[in-house]
Structure formats: C-alpha cells, structure tokens
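Quick note: the sequence shown, position 120, residue 123 per this note's numbering, numbers continuous. By construction, the Cβ of each residue, glycine as well, lies at the ideal position given by its N, Cα and C atoms. On a predicted model such as this, the values are computed, not experimentally measured, just so you know.
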Amino acid sequence: MSDSQANHYQAGISDPQRPIAQSVKTLFDYQQQVNLLEQQNRWQDLERLCSEAIQLYPNLPRFYHLLGDAKLNLQRWAEAVVAYQSAIALDATFSWSHNNLGDALSQLQRWQEAVTAYQEAINLKDDFFWSYYNLGEALSQLNRWEEAVTAYRQAHVLAPENLEVAKKMVNYFPNEIEFYFTLSQVLARNNDLDQALVVCRMGLNIQPNHSSGLKLERAILSHR
4 MSDSQANHYQ AGISDPQRPI AQSVKTLFDY QQQVNLLEQQ NRWQDLERLC SEAIQLYPNL
64 PRFYHLLGDA KLNLQRWAEA VVAYQSAIAL DATFSWSHNN LGDALSQLQR WQEAVTAYQE
124 AINLKDDFFW SYYNLGEALS QLNRWEEAVT AYRQAHVLAP ENLEVAKKMV NYFPNEIEFY
184 FTLSQVLARN NDLDQALVVC RMGLNIQPNH SSGLKLERAI LSHR
C-alpha cells in the first residue's frame, strides 16, 4: 500500500519489536500492526490478523481491503475478490480497492467485471498508470480494440518511459513516428542500443528528415 493509501485510513506504524499477540488489543493496535505486516510483505500474518480484526470491527473497510491485498499476494484470487467487494461495500470512494479488485478479477479471466472495476478506479483516481494499462489489457481480451487503444494511449501519457506500453503504441499506431522515437529512447535507457537503433530507423523510414529522430540516431550510435 502506498503512503496515499495509508493516509486514506489514517493508520499508524507499529513498533516492529513487539510480538503480534501482545501488541494487538485495541482498534489502534490493530491499525498499527496491519500496517507493519503489509510493509513487511508478511501476507499470511496479515491475512490472519485482518480476519481477526474483521470479527471485532466488521464495519471498517480498511481491514477488508488489506485482507484482499494479502489474498491477492497469496494468489487466492476468488477470496481476494470477495474481500475487495466487502471493502467497496463499506467505502466505495477508495480507488485502490476498485483497482485491486480489477487485478483479482483479471487473474480469474473475468474480463468484463475487471473492466468495470478499473473504470471505477479511474473515475476516482485518474492519474494511476496501471489502472489504464490493465484496463487496456482487459478490453483487449474482450476484443474491444478501440477502447483498449484509448486506455493504452492514456497510460502512455502518464508513463511514456514504460517499455510495454511504448511497444503497444508502435503496434497500434504504426504511422505515428513519435511513438517510434519514444520507444527507441526507452530501449536506449534500458541499454538495448541495437534494438533502439532499429526502432529509431523505423521511424526515420517514415520521415527521413525528422530532426529529433536524426539527433536520436546519432546519440544511439555514439554510445554503441
């Protein structure tokens, strides 16, 4: 969970030296301890403690959300779906529950439901790259290509340095040379200079005198 996620629920950080059984007594103790377990990627312990907390505090969405995170990381997809849905039923304004629900549904290949979850996540938080990218993936599985392209394009706007989405832009828009040069730059930053040069020259084949493309080609050659 990111800082923004934690801040949404205003949870504290626990003392890592205290044993779980001794430290968990009050709601505040639970909030502290689940934060610690999540930060340490202790998913089985987190699952157990969230389940325990839910028995005592069944109306707090944070515990359901973190239970979903634990089950997602333990690859128990169907159980993660139930946990996130429970969190959303209590707090439908938390974008991460919708996004992570989409991730669990995608693992189950429940593509239409995943699309709905990612779209809701985007409605609540429209600057998260992975919501758009994974929305594009789910839409592609449904052969809804135009919508998928729109999602990938927005993902590219948010993270032009991402290699996978840069490749998709070239595939979907083979006549838009700027995508070739963007992909070439990403490849170069990943030290794949040979492929960077190939992609750069693909763009130059479309427009041989493109000044930025020629400059990029020279830069790549100088580092090979």
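Burial state of residue i (16 or more Cβ within 10 Å)
{"i": "E50", "result": "buried"}
{"i": "K171", "result": "buried"}
{"i": "I223", "result": "buried"}
{"i": "V160", "result": "exposed"}
{"i": "L60", "result": "Note that residue 60 is Tyr in the sequence shown here, rather than Leu. Exposed, by the Cβ-count rule."}
{"i": "H68", "result": "buried"}
{"i": "A24", "result": "Interpretation of A24 is limited by its pLDDT of 47, a score under 50 that renders its predicted location unreliable; no figure is taken from the coordinates."}
{"i": "R221", "result": "exposed"}
{"i": "W99", "result": "buried"}
{"i": "A191", "result": "buried"}
{"i": "F31", "result": "exposed"}
{"i": "Q43", "result": "exposed"}
{"i": "E41", "result": "buried"}
{"i": "H226", "result": "exposed"}
Whole-angstrom distance between residue j and residue i, CA atom to CA atom
{"i": "L70", "j": "A86", "result": "6 Å"}
{"i": "A92", "j": "A120", "result": "13 Å"}
{"i": "K128", "j": "V202", "result": "33 Å"}
{"i": "I125", "j": "N174", "result": "24 Å"}
{"i": "Q78", "j": "Q112", "result": "14 Å"}
{"i": "F132", "j": "I209", "result": "29 Å"}
{"i": "N198", "j": "N137", "result": "Here residue 198 is Gln; the residue named in the question, Asn, does not match the sequence. Near 26 Å, if we compare the C-alpha coordinates of N137 and Q198."}
{"i": "A151", "j": "L200", "result": "28 Å"}
{"i": "D94", "j": "E123", "result": "13 Å"}
{"i": "A154", "j": "G105", "result": "15 Å"}
{"i": "V118", "j": "A141", "result": "6 Å"}
{"i": "T189", "j": "L166", "result": "Note on identity: in this sequence residue 189 is Val, with Thr being the wrong assignment. Distance between the alpha carbons of V189 and L166: 6 Å."}
{"i": "I57", "j": "S109", "result": "26 Å"}
{"i": "S187", "j": "R156", "result": "17 Å"}
{"i": "F182", "j": "S134", "result": "21 Å"}
Span of the alpha helix (DSSP H), counted from its first residue to its last, around residue i
{"i": "E55", "result": "W46 to L59"}
{"i": "D72", "result": "P64 to N76"}
{"i": "T185", "result": "I180 to R192"}
{"i": "N208", "result": "L196 to I209"}
{"i": "H159", "result": "W148 to L161"}
{"i": "K218", "result": "S214 to H226"}
{"i": "T119", "result": "W114 to L127"}
{"i": "N165", "result": "Here N165 belongs to no alpha helix (DSSP H), and DSSP marks it neither H nor E."}
{"i": "A36", "result": "Reading off the sequence, residue 36 comes out as Gln, not Ala. Q36 -> alpha helix (DSSP H) spans L30 to Q42."}
Same chain only: Cβ atoms within 6 Å of residue i, ignoring 5 sequence neighbours per side
{"i": "L145", "result": "W114"}
{"i": "W46", "result": "A73, N76 and L77"}
{"i": "A107", "result": "L75, W80, A83 and V84"}
{"i": "S143", "result": "A151"}
{"i": "L63", "result": "none"}
Own chain, CB closer than 7 Å to residue i, minus 5 neighbours either side, in chain order
{"i": "N103", "result": "G71, D72, L75 and Y87"}
{"i": "P177", "result": "none"}
{"i": "S54", "result": "L70"}
{"i": "F184", "result": "C203, G206, S215, G216 and L219"}
Cβ of residue i within 8 Å of any chain C Cβ
{"i": "Y183", "result": "Among the protein chains of the structure shown there is no chain C, as only one such chain exists."}
Residues of its chain near residue i, where Cβ-Cβ distance is below 8 Å and the 5 sequence neighbours each way are ignored
{"i": "A14", "result": "Reliability of the predicted coordinates at A14 is poor, the pLDDT of 39 falling under 50, and no value is obtained from them."}
{"i": "L230", "result": "Residue 230 lies beyond the stretch modelled for the chain, which goes from 4 to 227, so this question has no answer here."}
{"i": "E179", "result": "M172"}
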